[in-house]
Amino acid sequence: MACFLAPVVEAVVLTIIKKSVRKREAEQIKLRSHAEMPDDQPLTDISWGQKLSWLTNLLWGGVFLLAIEHIWHGEVVPWPPFLTAMNNPEDIAPMLHEIATVGVSMAVFVTAIWGVMILVADRIYKRAFVLKQAAQEE
(Lines of atoms letter the chains of each structure in order from A and count residues from 1; the text may use other names and numbers.)
(Lines give C-alpha, C1' and ligand atoms only; values in the text may rest on other atoms or scores of the structure.)
Protein backbone atom coordinates (compact mmCIF):
# COMPACT_ATOMS: atom_id res chain seq x y z
CA MET A 1 0.00 0.00 0.00
CA ALA A 2 2.45 2.65 1.15
CA CYS A 3 5.52 0.71 2.26
CA PHE A 4 7.73 2.92 0.09
CA LEU A 5 7.09 5.90 2.39
CA ALA A 6 9.58 4.66 5.02
CA PRO A 7 12.50 4.62 2.54
CA VAL A 8 11.28 8.01 1.23
CA VAL A 9 11.64 9.53 4.69
CA GLU A 10 15.10 8.01 5.13
CA ALA A 11 16.15 9.19 1.66
CA VAL A 12 14.96 12.76 2.29
CA VAL A 13 16.73 12.98 5.66
CA LEU A 14 19.94 11.48 4.29
CA THR A 15 19.88 13.75 1.24
CA ILE A 16 19.80 16.78 3.55
CA ILE A 17 22.60 15.32 5.68
CA LYS A 18 24.62 14.51 2.55
CA LYS A 19 24.40 18.11 1.35
CA SER A 20 25.64 19.33 4.72
CA VAL A 21 28.50 16.82 4.79
CA ARG A 22 29.52 17.67 1.22
CA LYS A 23 29.52 21.37 2.08
CA ARG A 24 31.72 20.75 5.13
CA GLU A 25 34.09 18.56 3.10
CA ALA A 26 34.38 21.25 0.43
CA GLU A 27 35.27 23.80 3.10
CA GLN A 28 37.92 21.45 4.51
CA ILE A 29 39.42 20.95 1.06
CA LYS A 30 39.45 24.71 0.55
CA LEU A 31 41.19 25.23 3.91
CA ARG A 32 43.66 22.46 3.12
CA SER A 33 44.49 24.06 -0.22
CA HIS A 34 45.27 27.39 1.50
CA ALA A 35 47.41 25.72 4.16
CA GLU A 36 51.07 24.88 3.75
CA MET A 37 50.45 21.24 2.92
CA PRO A 38 52.12 19.44 0.05
CA ASP A 39 49.93 18.81 -2.98
CA ASP A 40 51.23 15.28 -3.37
CA GLN A 41 49.58 14.15 -0.12
CA PRO A 42 46.99 11.65 -1.39
CA LEU A 43 43.59 10.96 0.06
CA THR A 44 43.61 7.72 2.03
CA ASP A 45 39.89 7.28 2.47
CA ILE A 46 36.63 7.56 0.56
CA SER A 47 34.78 10.69 1.72
CA TRP A 48 31.61 10.40 3.77
CA GLY A 49 29.88 12.60 1.23
CA GLN A 50 30.59 9.97 -1.43
CA LYS A 51 29.45 7.15 0.85
CA LEU A 52 26.21 8.95 1.70
CA SER A 53 25.71 9.57 -2.00
CA TRP A 54 25.80 5.81 -2.59
CA LEU A 55 23.16 5.27 0.09
CA THR A 56 20.86 8.02 -1.15
CA ASN A 57 21.17 6.68 -4.71
CA LEU A 58 20.21 3.19 -3.49
CA LEU A 59 17.26 4.56 -1.52
CA TRP A 60 15.95 6.91 -4.22
CA GLY A 61 16.28 4.18 -6.85
CA GLY A 62 14.32 1.77 -4.69
CA VAL A 63 11.70 4.39 -3.90
CA PHE A 64 11.27 5.16 -7.59
CA LEU A 65 10.80 1.49 -8.47
CA LEU A 66 8.40 0.92 -5.58
CA ALA A 67 6.39 4.02 -6.51
CA ILE A 68 6.07 2.78 -10.10
CA GLU A 69 4.97 -0.64 -8.82
CA HIS A 70 2.38 0.93 -6.50
CA ILE A 71 1.07 3.15 -9.31
CA TRP A 72 0.89 0.13 -11.61
CA HIS A 73 -1.25 -1.76 -9.10
CA GLY A 74 -3.52 1.24 -8.46
CA GLU A 75 -2.42 1.77 -4.86
CA VAL A 76 -1.21 5.30 -5.61
CA VAL A 77 -3.35 7.66 -7.68
CA PRO A 78 -2.74 11.21 -9.01
CA TRP A 79 -5.62 12.76 -7.05
CA PRO A 80 -6.03 13.37 -3.31
CA PRO A 81 -5.64 11.56 -0.96
CA PHE A 82 -3.12 9.90 -3.37
CA LEU A 83 -3.04 6.62 -1.43
CA THR A 84 -6.11 4.50 -2.13
CA ALA A 85 -5.87 3.07 1.40
CA MET A 86 -6.71 6.53 2.74
CA ASN A 87 -10.16 6.47 1.08
CA ASN A 88 -11.50 4.00 3.62
CA PRO A 89 -10.75 4.70 7.30
CA GLU A 90 -10.66 0.94 7.97
CA ASP A 91 -7.66 0.60 5.63
CA ILE A 92 -5.53 3.19 7.42
CA ALA A 93 -4.44 0.88 10.26
CA PRO A 94 -3.23 -1.91 7.92
CA MET A 95 -1.46 0.71 5.80
CA LEU A 96 0.38 2.11 8.83
CA HIS A 97 1.25 -1.43 9.91
CA GLU A 98 2.68 -2.14 6.45
CA ILE A 99 4.77 1.05 6.57
CA ALA A 100 6.04 0.15 10.05
CA THR A 101 6.93 -3.44 9.18
CA VAL A 102 7.61 -3.85 5.47
CA GLY A 103 8.75 -0.28 4.77
CA VAL A 104 11.04 0.02 7.76
CA SER A 105 12.53 -3.44 7.17
CA MET A 106 13.27 -2.54 3.53
CA ALA A 107 14.96 0.69 4.59
CA VAL A 108 17.00 -1.10 7.27
CA PHE A 109 17.99 -3.85 4.82
CA VAL A 110 19.17 -1.36 2.18
CA THR A 111 21.12 0.55 4.83
CA ALA A 112 22.72 -2.69 6.09
CA ILE A 113 23.74 -3.66 2.55
CA TRP A 114 25.21 -0.16 2.13
CA GLY A 115 27.15 -0.64 5.37
CA VAL A 116 28.70 -3.85 4.06
CA MET A 117 29.36 -2.11 0.75
CA ILE A 118 31.31 0.74 2.35
CA LEU A 119 33.33 -1.68 4.50
CA VAL A 120 34.35 -3.59 1.37
CA ALA A 121 35.00 -0.40 -0.60
CA ASP A 122 37.18 1.06 2.18
CA ARG A 123 39.16 -2.15 2.40
CA ILE A 124 39.73 -2.26 -1.36
CA TYR A 125 40.63 1.44 -1.45
CA LYS A 126 43.12 1.14 1.41
CA ARG A 127 44.69 -2.00 -0.07
CA ALA A 128 45.17 -0.19 -3.39
CA PHE A 129 46.69 2.78 -1.55
CA VAL A 130 49.16 0.53 0.31
CA LEU A 131 50.12 -1.29 -2.89
CA LYS A 132 50.63 2.02 -4.69
CA GLN A 133 52.85 3.30 -1.87
CA ALA A 134 54.88 0.07 -1.90
CA ALA A 135 55.35 0.34 -5.66
CA GLN A 136 56.54 3.95 -5.34
CA GLU A 137 59.07 3.02 -2.64
CA GLU A 138 60.71 0.37 -4.84
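To convert, note that position 28 of the sequence shown is 87 in the working numbering; the numbers rise steadily by one, no gaps.
In this text, a Cβ means the ideal position worked out from N, Cα and C, and glycines have one as well.
| Asked | Found |
| --- | --- |
| Determine the direct distance from the alpha carbon of P148 to that of P140, and round the result to whole angstroms. | 12 Å |
| Mind the definition here: the stretch 149-157 touches the stretch 114-121 only if three or more C-beta pairs lie below 8 Å; say whether that holds. | no |
| What's the C-alpha gap between A161 and F63? | What sits at residue 161 in the sequence shown is Val, not Ala. Taking the straight line joining both Cα atoms gives about 9 Å. |
| How is V136 classed by DSSP in three states: helix, strand or coil? | coil |
| Considering P66, what are the terminal residues of the alpha helix (DSSP H) in which it resides? | L64 to H93 |
| The alpha helix (DSSP H) spanning M165 covers which residue range? | V163 to E196 |
| For the stretch 161-173 against the stretch 65-79, are there 3 or more C-beta pairs whose distance is under 8 Å? | yes |
| Would the beta-carbon of T143 fall within 8 Å of that of E157? | no |
| Do the CB positions of R81 and G120 come within less than 8 Å of each other? | no |
| Beta carbon of L111, beta carbon of K89: below 8 Å? | no |
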